[in-house]
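Below: one structure, written as structure tokens.
Protein chains: 2
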Amino acid sequence: MKETLNYIQENKQLYIDELFELLRIASISADPAYKDEVLKCADEVARFLENAGADNVEVCATKGYPIVYGEKLIDPNLPTVLVYGHYDVQPPDPLELWKKPPFEPYIEKTEIHPEGAIFARGSADDKGQFFMHIKALEAMMKTNTLPCNVKCIFEGEEEVGSKSLEAFVNENKEKLSCDVILISDTHIYSNEQPTVTTGLRGLSYVEVEVEGPNRDLHSGLYGGAVPNPIHVLSRMIANLIDDNGHITIEGFYDNVETVSEEERAEMNKLKDDQEHFKKSIGLNGVEGEKGYTTLERTSIRPTLDCNGIWGGYIGEGAKTVIPSKAFAKISMRLVPYQTPEEITEKFTKYFEKLAPANVKVKVTPHHGGMPYVLPSDTKEFRAAKAAMETAFGKEVLPYRSGGSIPITAMFEQVLEAKSVLMGFGLDSDAIHSPNEHYGLYNFYKGIESIPLFFENYAK
Amino acid sequence: MKETLNYIQENKQLYIDELFELLRIASISADPAYKDEVLKCADEVARFLENAGADNVEVCATKGYPIVYGEKLIDPNLPTVLVYGHYDVQPPDPLELWKKPPFEPYIEKTEIHPEGAIFARGSADDKGQFFMHIKALEAMMKTNTLPCNVKCIFEGEEEVGSKSLEAFVNENKEKLSCDVILISDTHIYSNEQPTVTTGLRGLSYVEVEVEGPNRDLHSGLYGGAVPNPIHVLSRMIANLIDDNGHITIEGFYDNVETVSEEERAEMNKLKDDQEHFKKSIGLNGVEGEKGYTTLERTSIRPTLDCNGIWGGYIGEGAKTVIPSKAFAKISMRLVPYQTPEEITEKFTKYFEKLAPANVKVKVTPHHGGMPYVLPSDTKEFRAAKAAMETAFGKEVLPYRSGGSIPITAMFEQVLEAKSVLMGFGLDSDAIHSPNEHYGLYNFYKGIESIPLFFENYAK
Chain A
1 MKETLNYIQE NKQLYIDELF ELLRIASISA DPAYKDEVLK CADEVARFLE
51 NAGADNVEVC ATKGYPIVYG EKLIDPNLPT VLVYGHYDVQ PPDPLELWKK
101 PPFEPYIEKT EIHPEGAIFA RGSADDKGQF FMHIKALEAM MKTNTLPCNV
151 KCIFEGEEEV GSKSLEAFVN ENKEKLSCDV ILISDTHIYS NEQPTVTTGL
201 RGLSYVEVEV EGPNRDLHSG LYGGAVPNPI HVLSRMIANL IDDNGHITIE
251 GFYDNVETVS EEERAEMNKL KDDQEHFKKS IGLNGVEGEK GYTTLERTSI
301 RPTLDCNGIW GGYIGEGAKT VIPSKAFAKI SMRLVPYQTP EEITEKFTKY
351 FEKLAPANVK VKVTPHHGGM PYVLPSDTKE FRAAKAAMET AFGKEVLPYR
401 SGGSIPITAM FEQVLEAKSV LMGFGLDSDA IHSPNEHYGL YNFYKGIESI
451 PLFFENYAK
Chain B
1001 MKETLNYIQE NKQLYIDELF ELLRIASISA DPAYKDEVLK CADEVARFLE
1051 NAGADNVEVC ATKGYPIVYG EKLIDPNLPT VLVYGHYDVQ PPDPLELWKK
1101 PPFEPYIEKT EIHPEGAIFA RGSADDKGQF FMHIKALEAM MKTNTLPCNV
1151 KCIFEGEEEV GSKSLEAFVN ENKEKLSCDV ILISDTHIYS NEQPTVTTGL
1201 RGLSYVEVEV EGPNRDLHSG LYGGAVPNPI HVLSRMIANL IDDNGHITIE
1251 GFYDNVETVS EEERAEMNKL KDDQEHFKKS IGLNGVEGEK GYTTLERTSI
1301 RPTLDCNGIW GGYIGEGAKT VIPSKAFAKI SMRLVPYQTP EEITEKFTKY
1351 FEKLAPANVK VKVTPHHGGM PYVLPSDTKE FRAAKAAMET AFGKEVLPYR
1401 SGGSIPITAM FEQVLEAKSV LMGFGLDSDA IHSPNEHYGL YNFYKGIESI
1451 PLFFENYAK
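Respectively, the protein sequence lines represent chains A and B. The first sequence begins at 1 in our numbering and counts up one residue at a time. The second sequence begins at 1001 in our numbering and counts up one residue at a time.
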């Protein structure tokens, strides 16, 4: 193992140069205008996999964007690790808030990243993180230390709901058969307190539309006499959460996992630096569901957030219009035992019920995802914990994260294997935001931890 | 007068062709991208004025878009009518709702306009209406029947708050001195019940911004633990109007004119066809301030409307973001004795007070305007009423409209003359909306009414 880590140490600069190549590709899956870039990115990932020494590298066509596959099978009697990642990225808007263009990566030091961080869309989510696996595989191949079989899949639709992945996994069950799935698409609690993610929230995402009059109206001639869809939508959104931070949707909490007082006490041991948290996002105070800590609100409790709203005139200057329609995008994070189907249905029913008499409302579901939990008394968790403890030289704790990776539940069902969420980002990395970045320290600790996980797991 | 009306009759088709030339110019004052079109439109208006026989035609530079001036002074002992109009138009968006491109005028028959209507942005507001004055002047010149002096000003910034007009009027007080101002930028109650507009509401227009976290956040990692500016803004908008349709801003109704029961009874005599009203805008029911009719809500009562709202991700698909900021455009229509300064200040104070602890709010005022009333016992009103009764062959009633033409109050103050609002549109003409149109019947009745007004007023 020492020689693998030495090899990694010697090639550090090269890894950055190569990652920059990937980061320069604007592989935005949500926007059809970037189709060619997404496809180009798939080809580049395949090239890197081949160069790393993987066999049978393929850019597998799907109904959507391709899935890149590669493998190194050394002994059928050894366990097999399936590595998953995604090469697509979130749209970069609002563009004007980026210090430099989102697809022109650069390195800059920050308070949290004194060794420097890579700034670019996708640097942490997920190009910088899945690329660690390609480089770790390469290091194990070059030093002849690969301790088990490895398969890799990198998809191009994670940011739009992994629409083609489930069919692909079902059709390739044999090819993808494995003992464990390893994913780096999450963050650790902090560089001082590394963690393995043992829980993820699920997701229900809907778009809503409120229609009042059948055309835009002049607000001077009609104002005050007709339902204004912006006001109606505002009232409806306001009514979705009460003064205690509770979501008012009927039956919303019916199936929510009750986390024991012991577990809550355990999880609140994580140094919850509220002052730092508030400062990092420029707030004087935080708020949320009554009776829970910030840590709990963002991990073991379900939430509802409006992710976008629009209607009427939103250009420069003034226009006195009452729009015919107003729209919003609303997402709910789910916890164990809630399902996206259940919650989307409950939301739809409730939202339709909230609508006043003189408007029409429409609810369109987007993608959803199941919540996921990896118990901390499993072999999978222990292999990851030990690997990271060696790499970081610190105790590693289990940690439930607020985000969603809906595919973990699907993997478990189809491939009958647990996913290990060994991500290395920080929650301050601004993923999905302007100036996304990924610490160099985290990038290297990740590349080191991966061969250690393989070694621990293959034991 | 008979020969003037005959002349108009003979030139009907030509008027349409000429108006189409003006309607093809996309003179959108709100969007700097259309600057050249606005300037081109000013030149064309000047050309039409000259061809009509006006003297001293000028395209007068201002700090913003130019004001076109022209005059025909025949005798200092005769009264002088100042005609006002505007050649700029509203932005045409949402473009996809137009049946044909907004700057390619065409004629089509509709249920309300069995003789046909001109469809184009600006057809009713205000190119089709100010052009009637140029053609009426031309007819009086050609038939040598001009009964008094006339001055014309046509501005290019009405849709963005007439920013340069007040300075221009102040600097040219002598040049613009007049006995009455005649404006066609309003609508009649219906073709069956023509009206002269005797009241207009004022306007206070603001843009608001709510800032939560100092950057966009991932809703999985932060959702439920920080104030989401979209939710906060929605709650604040919801709180601006109570369940009885009353605006909750402190002191909002302090100065509102109390309209007598007699006047309310008189105004409600106008055939208020609720079924037609609802059908024309596709609603099953209407709503508004409790205790008032639709007619009252849109004329003698002040109102508040959100004209635009935006924040977060508003593109295709799903993005799980909590935006740093959310925005809205909000306008209030004012009635006599309210002033835009007073109401903008009260709004700002109240909105800042409504803001919860952990967000910052910003209120930016756009243009405002004073309400206006023309008593029905004046010479000005009577001249207009008689002119329209001759042209339409029907009784003409006074009518208070809900819209705003802020400059009427300014004219009264600087030029010490009353404005007569003799507009000919219908409220179903979709001004400020897709498929704006102006009835041919209304266009011709307007051109006929104007010389009759001149004659009545000069008597």
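Don't be surprised by glycine CBs; every beta carbon is placed ideally from N, CA and C.
Let me confirm a value: residue i is counted as buried when at least 16 other C-beta atoms fall within 10 Å, else exposed. Which label applies?
| i | result |
| --- | --- |
| Y337(A) | exposed |
| F265(A) | Correcting the residue type first, residue 265(A) is Ala in the shown sequence and not Phe. A265(A) should be labelled exposed. |
| H990(B) | As shown, chain B starts at 1001 and ends at 1459. That puts residue 990(B) outside it, with no answer to give. |
| K1072(B) | buried |
| L1014(B) | exposed |
| P1114(B) | exposed |
| Q9(A) | exposed |
| P1076(B) | exposed |
| L1095(B) | exposed |
| I309(A) | buried |
| T1258(B) | exposed |
| T364(A) | exposed |
| L182(A) | buried |
| A1033(B) | exposed |
| Q1274(B) | exposed |
| P375(A) | exposed |
| I74(A) | exposed |
| L97(A) | exposed |
| S324(A) | buried |
| E262(A) | exposed |
One question on the structure: do residue i and residue j come within less than 8 Å of each other, judged by their Cβ atoms?
| i | j | result |
| --- | --- | --- |
| I1250(B) | Y1399(B) | The sequence shown places Glu at residue 1250(B), not Ile. Against a cut-off of 8 Å, the Cβ pair of Y1399(B) and E1250(B) comes out as no contact. |
| S162(A) | P406(A) | yes |
| N239(A) | T248(A) | yes |
| G403(A) | H1218(B) | yes |
| T195(A) | V373(A) | no |
| L1358(B) | L23(A) | According to the sequence as given, residue 1358(B) is Asn; it is not Leu. No; because the gap between Cβ atoms is not below 8 Å, this pair is not in contact. |
| V1206(B) | A1030(B) | no |
| E316(A) | H246(A) | no |
| T320(A) | H1432(B) | yes |
| L39(A) | L200(A) | no |
How far does the beta strand (DSSP E) with residue i in it extend, from its first residue to its last?
| i | result |
| --- | --- |
| A117(A) | 117–119 |
| S1204(B) | 1202–1211 |
| L1049(B) | No beta strand (DSSP E) contains L1049(B), which is instead part of the alpha helix (DSSP H) from 1035–1052. |
| K1072(B) | 1067–1072 |
| Y444(A) | Here Y444(A) belongs to no beta strand (DSSP E); instead the alpha helix (DSSP H) covers 440–458. |
Please go through the same chain and pick out, in chain order, the residues whose beta-carbon is closer than 8 Å to the beta-carbon of residue i, but skip the five residues on each side of it.
| i | result |
| --- | --- |
| A167(A) | T62, K63 |
| K1142(B) | Y1007, G1053 |
| L1415(B) | L1082, V1169, K1173, L1176, S1177, C1178, I1181 |
| A1417(B) | L1082, C1178, D1179, V1180, I1181, F1411 |
| L78(A) | P147, C148, N149, A458 |
| C1306(B) | I1237, A1328, K1329, I1330 |
Taking the alpha helix (DSSP H) that residue i belongs to, which residues open and close that run?
| i | result |
| --- | --- |
| I181(A) | Looking at the DSSP string, I181(A) is not in any alpha helix (DSSP H); the run it does join, the beta strand (DSSP E), is 180–183. |
| T145(A) | Unbroken run through T145(A): none, as it is neither H nor E. |
| S1433(B) | Taken as a continuous stretch (DSSP letters only), S1433(B) belongs to no alpha helix (DSSP H), as it is neither H nor E. |
| R297(A) | 294–297 |
| L233(A) | 229–238 |
| K278(A) | 274–280 |
| L1165(B) | 1165–1171 |
Leaving out the 5 sequence neighbours to the left and right, which residues in its chain are closer than 6 Å to residue i when beta-carbon positions are compared?
| i | result |
| --- | --- |
| L92(A) | Residue identity differs from the one stated: residue 92(A) is Pro in this sequence, not Leu. Within the same chain, P92(A) has close Cβ partners P102, R121. |
Might you give, ordered along the chain, the residues of its own chain that have their beta carbon closer than 7 Å to the beta carbon of residue i, omitting 5 neighbours on each side?
| i | result |
| --- | --- |
| I1450(B) | M1132, H1133, A1136 |
| E1058(B) | Y1069 |
| F1020(B) | P1105 |
| S1280(B) | S1428 |
| T344(A) | S204, V206, P365, G368 |
| A1430(B) | E1436, H1437 |
Sequence ranges, alpha helix (DSSP H) only - wholly within the segment 1316–1351 of chain B, length at least 4: Whole alpha helix (DSSP H) segments, 4+ residues: zero.
If we require 4 or more residues per run, which alpha helix (DSSP H) segments fall completely within the segment 1370–1397 of chain B? You should have 1379–1392.
For a minimum of 4 consecutive residues, which ranges assigned as the alpha helix (DSSP H) are wholly contained in the segment 1401–1429 of chain B? Every alpha helix (DSSP H) of 4 residues or more that sits fully in the segment 1401–1429 of chain B is shown, in chain order, as 1407–1415.
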